Amino acid sequence: GAWLRTTMAALTYCGVAPEKYWPYTDAKPDFDEEPTSFIYALADNYEALKYFCHDPLGENKLPGLVLFTVKLYLARKIPSMFGFYGFESGHYEDGVFLSPYHTGEIPYPCDGDKALWGHAVVAVGYDDKKKIKNKRCNKETTGAFLIRNSWGNSWGEQGYGWLPYEFVIKGLALDFWSLLGMEWVESGNFGLNIDV
48 GAWLRTTMAA LTYCGVAPEK YWPYTDAKPD FDEEPTSFIY ALADNYEALK YFCHDPLGEN
108 KLPGLVLFTV KLYLARKIPS MFGFYGFESG HYEDGVFLSP YHTGEIPYPC DGDKALWGHA
168 VVAVGYDDKK KIKNKRCNKE TTGAFLIRNS WGNSWGEQGY GWLPYEFVIK GLALDFWSLL
228 GMEWVESGNF GLNIDV
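Residue numbering for the sequence shown follows our numbering, starting at 48 and increasing by one per position.
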């Protein structure tokens, strides 16, 4: 893993090649492998120029305001990278332990759940009416971010899933970053063209 601020800085320094040229796959999960010269040269064409944090450390912004600003930028097709905590109850369905959130719908944790890990994803859209139910405790949320995960296309719906707004409101999703200036401007870079 890496700090999200460091990732944004790397986007300005090195850029990032489109995923089709340097994909993460379950078949080749070696994330420490050095990219080729071609990938570095290609990435140079996709550099970030300006970025910002929606919820800077120490500013104690209200979670509702963070949720509002992220949605505001998403409505203008500006994605946001962020981190969230994963919980045990999200791994169970009908008493059976499953791979992490195999459906792509990440349920809000049950009372007493403990965070098992942290992970970063990119919010690419949202749905104020999306309902997600935690089947272990029957807790249901309304409203969620459409996210793009880095675990390959076999996760969720072709690599996309949903994370309830409640994660933001309760401080379980944080460190939201967006790019404002870049050498490329193409919302299709995430392989998704939707209207929010």
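All residues carry an ideal CB built from backbone N, CA and C; glycine is no exception.
Computed from a prediction, not measured in an experiment: that's the story for all the values here.
Measuring CB to CB, does residue i end up less than 8 Å from residue j?
i	j	result
Leu226	Tyr87	no
Val215	Ile194	no
Gly62	Asn107	no
Ala95	Leu51	no
Trp165	Tyr132	It is Gly, not Trp, that sits at residue 165 in the sequence shown. For Gly165 and Tyr132, yes; Cβs fall inside 8 Å.
Ala167	Phe129	yes
Leu221	Ala191	no
Gly206	Gly199	yes
Gly203	Gly151	yes
Which whole-angstrom value describes the C-beta separation of residue i and residue j, a residue pair presumed to lie in contact below a C-beta threshold of 8 Å?
i	j	result
Pro156	Asn181	7 Å
Once the 5 residues before and after residue i are set aside, which same chain residues still bring their CB inside 7 Å of it?
i	result
Ala56	none
Leu163	Gly133, Phe134, Glu135
Span of the alpha helix (DSSP H) holding residue i?
i	result
Ser84	84-90
Ala64	No alpha helix (DSSP H) holds Ala64; DSSP gives it neither H nor E.
Leu119	110-122
Glu213	213-216
Span of the beta strand (DSSP E) holding residue i?
i	result
Leu58	Premise fails: Leu58 lies in the alpha helix (DSSP H), 51-60, not in any beta strand (DSSP E).
Lys10	In the structure as shown, the chain starts at 48 and stops at 243, and residue 10 therefore has no counterpart that could be examined.
With a threshold of 8 Å on Cβ separation, who are the neighbours of residue i within its own chain once the five nearest residues in sequence on each side are excluded?
i	result
Ser127	His101, Val117, Tyr120, Leu121, Val169, Ala170, Phe223, Trp224, Ser225
Lys178	Glu187, Thr188, Thr189
Tyr71	Phe78, Ser197, Trp198, Gly199
Excluding the five sequence neighbours on either side, which residues of its own chain have a C-beta within less than 6 Å of the C-beta of residue i, listed in chain order?
i	result
Ala64	Ile86, Leu89, Ala90
Glu213	Tyr155, Thr188
Entirely within the segment 126-208 and at least 4 residues each: give me those alpha helix (DSSP H) ranges in chain order. none
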